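Just so we're aligned: the sequence shown equals residues 30 to 149 in my numbering. Step one of this worksheet: look at the structure below.
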Amino acid sequence: MRRILAVDDDNDIVDIIKIILEDEGYEVSTLTNGREVMQTISLQRPDLILLDVMLGGIDGRDICRAIKGDVLLQDIPIVMISASHNLHNLLSEEGSPNDFIAKPFDIDHLIKKVNAQFAA
30 MRRILAVDDD NDIVDIIKII LEDEGYEVST LTNGREVMQT ISLQRPDLIL LDVMLGGIDG
90 RDICRAIKGD VLLQDIPIVM ISASHNLHNL LSEEGSPNDF IAKPFDIDHL IKKVNAQFAA
């Protein structure tokens, strides 16, 4: 079973993501702050990370760059999630995520983006 880590400071968002993706057959762990991300990744080694951009004082883009800059973790696909629709340029930067989802997101769009990461 594929493991996904969903990180968003909004409890409702991570709960919705968990329900949707578990219904699709994925094992989903959630975090509501960015401080525990690196430790959780090291312990759980998810197959995919869904990462919010703004995590209550911590920038998810910095977390993404740290993961992509770590030789042991850089192969884990990351899909950034944000209420800002102007982050597509993020995909071309150094240490960039593999994809981007804008909030609010459609359930089918979320599932399609997640499935695409595992098909790649």
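Idealized CB from N, CA, C, for every residue including glycine. From a predicted model like this one, the values you see are computed outputs, not experimental measurements.
query	result
Segment contact flag, the stretch 71 to 78 with the stretch 32 to 43, C-beta cutoff 8 Å, min 3 pairs	yes
Residue nearest to isoleucine 87 in terms of C-alpha spacing, selected from Tyr55, Val66 and Ala145	Val66
Simplified DSSP assignment, three categories, for leucine 50	helix
Spatially closest choice to methionine 83 from Ile105, Ser113, Gly98 and Ser71, by CA coordinates	Ser113
Classification of phenylalanine 129 by the beta-carbon crowding that lies within 10 angstroms, buried from 16 upward	buried
Threonine 59 (DSSP reduced to helix, strand or coil)	strand
Alpha-carbon to alpha-carbon, glycine 124 and lysine 97	5 Å
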